[in-house]
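Colleague: Under full-length UniProt numbering, the first residue of the sequence shown carries the number 33, and numbering increases by one thereafter.
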Amino acid sequence: KNDPKWWKEAVVYQIYPRSFKDSDGDGVGDLKGIISKLDYVKSLGIDAVWLNPIYTSPNDDNGYDISNYREIMKDFGTMEDFDLLLKEMHKRGIKLVMDLVVNHSSDEHEWFKQSRSSRDNKYRDYYHWWPAEKGKPPYRWSFFDVNSDAWKYDGQTNSYYLHYFSQKQPDLNWENPKVRYEVYDMMKFWLDKGIDGFRMDAFQFASKDTTWPELPKGYEKNIIKYYGVGPHLHEYLQEMNREVFSKYDIMTVAEGAGSSPEDAMQFVDPDRKELNMAYHFESVDIGKHLKDFGLVKYKEIFSRYDEAFKNKGWLSIFLANHDQPRMVSKFGNDTPEFREISSKMLSTFVMTMRGTPYYYYGDELGMDNIRFNSIEDYKDVDTRNKYIGLKNKGGDLQAFLEQQKQTSRENGRTPFQWDTTQNAGFTTGTPWLKVNPNYKTVNAEAQEKDPNSTLNYFRKLVKLRKQEPAFVYGKYTLLDKENPNIYAYTRDLNGKKFLVLLNFSDKDANYNIGFSTHKSKIILGNYKSRKGIKANILQPYEAQIIELK
Ligand code: TEU
Numbered sequence: 033k034n035d036p037k038w039w040k041e042a043v044v045y046q047i048y049p050r051s052f053k054d055s056d057g058d059g060v061g062d063l064k065g066i067i068s069k070l071d072y073v074k075s076l077g078i079d080a081v082w083l084n085p086i087y088t089s090p091n092d093d094n095g096y097d098i099s100n101y102r103e104i105m106k107d108f109g110t111m112e113d114f115d116l117l118l119k120e121m122h123k124r125g126i127k128l129v130m131d132l133v134v135n136h137s138s139d140e141h142e143w144f145k146q147s148r149s150s151r152d153n154k155y156r157d158y159y160h161w162w163p164a165e166k167g168k169p170p171y172r173w174s175f176f177d178v179n180s181d182a183w184k185y186d187g188q189t190n191s192y193y194l195h196y197f198s199q200k201q202p203d204l205n206w207e208n209p210k211v212r213y214e215v216y217d218m219m220k221f222w223l224d225k226g227i228d229g230f231r232m233d234a235f236q237f238a239s240k241d242t243t244w245p246e247l248p249k250g251y252e253k254n255i256i257k258y259y260g261v262g263p264h265l266h267e268y269l270q271e272m273n274r275e276v277f278s279k280y281d282i283m284t285v286a287e288g289a290g291s292s293p294e295d296a297m298q299f300v301d302p303d304r305k306e307l308n309m310a311y312h313f314e315s316v317d318i319g320k321h322l323k324d325f326g327l328v329k330y331k332e333i334f335s336r337y338d339e340a341f342k343n344k345g346w347l348s349i350f351l352a353n354h355d356q357p358r359m360v361s362k363f364g365n366d367t368p369e370f371r372e373i374s375s376k377m378l379s380t381f382v383m384t385m386r387g388t389p390y391y392y393y394g395d396e397l398g399m400d401n402i403r404f405n406s407i408e409d410y411k412d413v414d415t416r417n418k419y420i421g422l423k424n425k426g427g428d429l430q431a432f433l434e435q436q437k438q439t440s441r442e443n444g445r446t447p448f449q450w451d452t453t454q455n456a457g458f459t460t461g462t463p464w465l466k467v468n469p470n471y472k473t474v475n476a477e478a479q480e481k482d483p484n485s486t487l488n489y490f491r492k493l494v495k496l497r498k499q500e501p502a503f504v505y506g507k508y509t510l511l512d513k514e515n516p517n518i519y520a521y522t523r524d525l526n527g528k529k530f531l532v533l534l535n536f537s538d539k540d541a542n543y544n545i546g547f548s549t550h551k552s553k554i555i556l557g558n559y560k561s562r563k564g565i566k567a568n569i570l571q572p573y574e575a576q577i578i579e580l581k
C-alpha cells in the first residue's frame with residue numbers, strides 16, 4: 033500500500049534563483065552563483081532542488097512570463113552554465129526539478145507576436161481572442177491586472193486577448209492541439225538534458241470553457257472553484273503523461289489542484305496516470321496570520337487532506353514559497369525573542385508530516401518578512417498593480433501598504449543571507465531587492481558555527497526523516513484535536529511509532545493526549561532544557577519528537 037517511490041522520500045529545497053547568489057556583481061542571482069553554493073545545498077541533506085523559472089523573460093513577473101522556453105535568461109547565465117549546474121548537482125546526488133510555466137507565455141514570445149499580428153496568422157489560435165465587433169467579452173477576473181480585468185483590448189486586430197495574470201502574460205490556448213504538442217516537444221528538450229521533473233505552474237487553469245459563459249457574481253472570491261479545473265484539463269494531463277512523463281523516471285507536481293481533497297486526488301490518483309503529487313493552497317490561503325484563523329482550523333485542513341490521501345495519491349507539504357510571506361512571519365513569531373525557536377518548531381512540522389516536504393531557501397536560517405515601508409521598495413507586479421488599481425479608485429494606500437508588510441510575496445524573496453559582509457554576501461553590486469537588515473545576526477556563516485542554530489537543527493530534521501520511513505509513509509493520527517495551542521500527532525509504521533508535539537503559542541501550554549510518555553525519549557527537540565517543566569506542558573513554541581515505547 034505504501035508503494036515506495038524516490039519522490040515520496042525526497043526532501044525538496046526551493047531556490048529562487050534571483051535571490052540566492054550573484055556571481056557577477058549585477059545584483060541579480062545567477063546559475064554560476066548557485067553552482068558556487070552547491071556544497072552548502074548538499075550539506076542540508078536535501079535530495080532535490082526546485083528552481084523557479086530560469087528561461088528568457090522580460091521579467092514582468094520575474095521569469096513567470098517566458099519569451100523563449102529553450103533559452104536561459106541572460107541575467108541568469110548561459111546554456112553552458114545550465115549544463116554545468118545540472119552536472120554538478122547530479123555529481124552530488126541532487127536532483128533538479130524545473131518550473132514549467134505553460135498556462136501562459138510572455139507577450140514577447142514569438143508565438144504571441146505572430147498571433148497578435150493578424151486574425152489569419154497561423155499562430156492566431158495559440159491564444160484566446162475575442163473579436164471586438166461582438167462587443168465586450170464576458171468578464172473574467174485577473175490576478176495581477178490593475179483593474180482585475182483578464183481581457184485586454186489589442187488595437188492591431190481590434191480584438192481582446194485573455195490574461196489570467198498580468199497583461200504581459202497572455203494565456204495559451206490549450207484547446208489547440210498544436211499548442212499542446214509544441215509544449216510536449218519543449219518538455220522533452222529539457223528532460224533529454226536529464227532534468228528530474230517539473231513543477232506545473234498554474235496548470236490547473238490551463239483548460240477553459242471557450243464558449244465563455246457568464247460566471248455568477250462574486251465568483252472571483254472563489255477563483256479556484258471557477259478557474260481551477262477546466263473542462264478538458266484532465267484529458268490534457270493524461271495526454272501529457274502518455275506523450276512525455278511516461279517515458280522518463282521523473283517527478284511531477286501540480287501547483288494548485290482544484291478546491292478540495294477530492295479535486296486534488298484527480299490529479300494524482302496513480303490509476304489515472306497524470307501527475308505524481310499536488311499541492312493545495314487551503315493551508316496558506318486561509319488568512320494573514322495564524323492568530324487570525326487559529327490552530328484548530330489549521331489542524332483540520334492538514335488532517336482532512338491526509339485522511340483523503342491515506343490510501344492512495346500523494347501530497348506535498350509546504351509552509352512557504354516565493355508566492356508567500358516568510359513562514360516564521362505567518363505561522364510562527366518573528367520577534368527577536370521567538371524567531372529562532374518558532375522557526376525550528378515550524379521546520380519540525382514540515383519534516384514530520386506525510387507528503388513530500390518543499391522547503392523554501394532561507395527558512396533554514398529563520399529568515400523573516402522584510403516589511404517594506406514604501407511602494408518604491410517593491411518590484412513585484414502583484415503589489416505594484418494592486419497599488420495602482422487602488423490609487424485609481426482613491427482607496428486607502430496607507431492601509432494597503434500596512435497590509436502588504438504581512439502578506440506581500442516579496443517578503444519571501446529577499447536575498448539569501450550568507451554572511452556579515454556587504455549585502456549579506458549575496459552580491460558585490462546593488463541587490464535587485466533590498467537585503468533584510470537583520471543579516472548581521474541572521475546569516476549562514478554565523479549559524480554554521482553554532483551547533484544549536486536553526487540551520488543545524490534543520491539538518492538534524494532532514495537526517496531524521498531520511499532515517500525513519502515512518503515520517504514518510506507512516507500513518508498520521510491527530511491527537512488533542514481541539515487544543516488551540518498545541519499540534520500533536522503520531523506517525524507510525526511497522527511497529528515504530530513517533531509522537532510529534534508542537535506548541536504554536538508564545539506561552540507555556542498544556543496538552544492531553546490520553547497516554548503517558550514517561551518511558552519514551554525525546555529524540556529531537558528545539559529546547560536545550562526542560563528543567564522544572566511538567567510532563568504535559570510545552571514551553572513557548574517548543575517542538576518535540578518522541579519515539580514511543
Ligand atoms: O502562481 C499561480 C497562482 O495561482 C498563485 O497566485 C496562487 O493562486 C497563490 O499562490 C495561492 O496562494 C504561479 C507562480 O507561483 C507565481 O509566482 C506566478 O506569478 C503565477 O503563477 C503566474 O505565472
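All C-beta atoms in this analysis are idealised placements derived from N, C-alpha and C, irrespective of residue type, glycine included.
(1) Where does His-550 land, buried or exposed, given buried means 16+ other C-beta within 10 angstroms?
(2) Looking only at C-alpha atoms, which of Asp-203, Ala-182, Leu-70 and Asn-34 sits nearest to Tyr-96?
(3) Need the endpoints of the alpha helix (DSSP H) that Asn-417 sits in, please.
(4) Between Ile-86 and chain B, is there a C-beta pair that is closer than 9 Å?
(5) Following the continuous alpha helix (DSSP H) through Leu-116, name the residue where it begins and the one where it ends.
(6) Just to confirm the assignment, what range does the beta strand (DSSP E) spanning Pro-209 have?
(7) Would you decide whether Ser-561 is buried or exposed? Buried here means 16 or more other CB atoms lie within 10 Å of its CB.
(8) Report the start-end ranges of each alpha helix (DSSP H) in the segment 479-530 that is 4 residues or longer and not cut off at the edges.
(9) For my contact list, Phe-535 and Asn-568 are in at a C-beta cut-off of 8 Å; report their separation, rounded to the angstrom.
(10) For the alpha helix (DSSP H) holding Tyr-337, just list the boundary residues, first then last.
(11) Under DSSP, the alpha helix (DSSP H) around Phe-432 begins and ends at which residues?
(12) Can you give me the start and stop residues for the beta strand (DSSP E) that Glu-41 sits inside?
(13) Below 8 Å on the Cβ atoms is my guess for Phe-334 versus Met-385; work out the distance and round it to an integer in Å.
(14) Please classify Val-44: does DSSP put it in a helix, a strand, or coil?
(15) Tell whether a beta-carbon distance below 9 Å holds between Thr-415 and Glu-434.
(16) Who are the near neighbours of Glu-120 in its chain, counting only those whose CB is closer than 7 Å to its CB and skipping five residues on each side?
(17) On the DSSP bridge assignment, give the partners of Lys-80 in chain order.
(18) Give the single residue among Gln-298, Lys-323 and Asp-512 whose Cα lies nearest to the Cα of Tyr-311.
(19) Give the single residue among Pro-49, Lys-37, Val-43 and Asp-35 whose Cα lies nearest to the Cα of Pro-447.
(20) So, do the segment 289-306 and the segment 267-277 have three or more beta carbon pairs nearer to each other than 8 Å?
(21) Please confirm whether any heavy atom of the ligand TEU lies closer than 8 Å to the CB of Arg-441.
(22) According to DSSP, is Tyr-259 helix, strand or coil?
(23) Helix, strand or coil: how does DSSP classify Thr-388 here?
(24) So does Asn-100 have its beta carbon nearer than 8 Å to some heavy atom of the ligand TEU?
(25) Tell me the DSSP bridge mates of Lys-184?
(26) Would you mind sorting Tyr-185 into buried or exposed? The rule is 16 or more other CB atoms within 10 Å of its CB.
(27) Please report the residue range of the alpha helix (DSSP H) in which Arg-274 lies.
(28) Compare the Cα-Cα distances from Ser-348 to each of Met-272, Ser-374, Pro-293 and Asp-324 and report the closest residue.
(29) Check whether the Cβ of Gly-288 lies closer than 8 Å to any heavy atom of the ligand TEU, and answer yes or no.
(30) Do Ile-255 and Trp-173 come within 9 Å of each other at the CB atom, strictly closer than that value?
(31) With a threshold of 16 other CB atoms inside 10 Å of the CB of Phe-221, please say whether the residue is buried or exposed.
(32) Counting only the same chain and skipping the five closest in sequence on each side, list residues whose C-beta sits under 6 Å from that of Ser-485.
(33) For Ile-577, tell me which candidate among Lys-563, Gln-571, Gly-564 and Lys-553 has the shortest Cα-Cα distance.
(34) Among Ile-420, Lys-425, Glu-314 and Phe-490, which has the Cα closest to the Cα of Gly-398?
(35) How do the segment 191-209 and the segment 154-169 stand: do at least 3 beta-carbon pairs fall below 8 Å, yes or no?
(36) Do you know offhand how far Glu-140's Cα is from Met-105's?
Modeller: Taking the definition as stated:
(1) By the neighbour-count criterion, in which 16 or more other beta carbons inside 10 Å mark a residue as buried, His-550 falls on the exposed side.
(2) If we check each option's Cα against that of Tyr-96, Asp-203 comes out closest.
(3) 413-424 is the extent of the alpha helix (DSSP H) around Asn-417.
(4) The displayed structure is made up of one protein chain only, and chain B is not part of it.
(5) Run containing Leu-116: 111-123, per the alpha helix (DSSP H) assignment.
(6) Per DSSP, Pro-209 is not a residue of any beta strand (DSSP E); the alpha helix (DSSP H) it occupies stretches across 209-225.
(7) Counting other Cβ atoms within 10 Å of its Cβ, Ser-561 stays below 16 and is therefore classed as exposed.
(8) Counting only runs of 4 or more, we get 486-499 and 501-505.
(9) Inspection of the sequence shows that residue 535 is occupied by Asn rather than by Phe. Contact flag wrong, Cβ pair sits at about 12 Å.
(10) Annotation for Tyr-337: the continuous alpha helix (DSSP H) segment containing it runs 327-340.
(11) Bounds of the alpha helix (DSSP H) holding Phe-432 are 429-439.
(12) It is not in any beta strand (DSSP E) - Glu-41 instead sits in the alpha helix (DSSP H) that spans 38-41.
(13) Sure, about 7 Å apart at Cβ, within 8 Å.
(14) Note: Val-44 maps to strand in three-state DSSP.
(15) Against a cut-off of 9 Å, the Cβ pair of Glu-434 and Thr-415 comes out as no contact.
(16) Result list for Glu-120: Ile-67 and Leu-70, in chain order.
(17) Just to set this straight, residue 80 is Ala in the shown sequence, not Lys. BP columns for Ala-80 point to Val-44 and Lys-127.
(18) Proximity to Tyr-311 across Gln-298, Lys-323 and Asp-512 peaks at Gln-298, based on C-alpha coordinates.
(19) Scanning Pro-49, Lys-37, Val-43 and Asp-35 for the CA closest to the CA of Pro-447 turns up Pro-49.
(20) Taking a cut-off of 8 Å for Cβ pairs, the segment 289-306 and the segment 267-277 touch, as three or more such pairs fall below it.
(21) Indeed, a heavy atom of the ligand TEU lies less than 8 Å from the Cβ.
(22) Secondary structure at Tyr-259: helix, using DSSP grouped into helix, strand and coil.
(23) Note: Thr-388 maps to strand in three-state DSSP.
(24) With a threshold of 8 Å, the Cβ atom of Asn-100 does not count as near the ligand TEU, since no heavy atom of the ligand is closer than that.
(25) The beta-bridge partner set that DSSP reports for Lys-184 consists of Tyr-193.
(26) The Cβ neighbour count for Tyr-185, taken over all protein chains shown within 10 Å, is under 16; the residue is labelled exposed.
(27) 265-275 is the extent of the alpha helix (DSSP H) around Arg-274.
(28) Nearest of Met-272, Ser-374, Pro-293 and Asp-324 to Ser-348, Cα basis: Pro-293.
(29) At least one heavy atom of the ligand TEU is found less than 8 Å from the C-beta of Gly-288.
(30) Their beta carbons are under 9 Å apart, which means Trp-173 touches Ile-255 by this criterion.
(31) Counting Cβ neighbours within 10 Å, Phe-221 comes out exposed, since fewer than 16 surround it.
(32) Gln-479.
(33) Per the Cα distances, Lys-553.
(34) Residue Phe-490 is the option with its Cα nearest to Gly-398.
(35) As far as the Cβ criterion goes, the segment 191-209 touches the segment 154-169, which means the pair count is three or higher.
(36) The alpha-carbon separation between Glu-140 and Met-105 amounts to approximately 13 Å.
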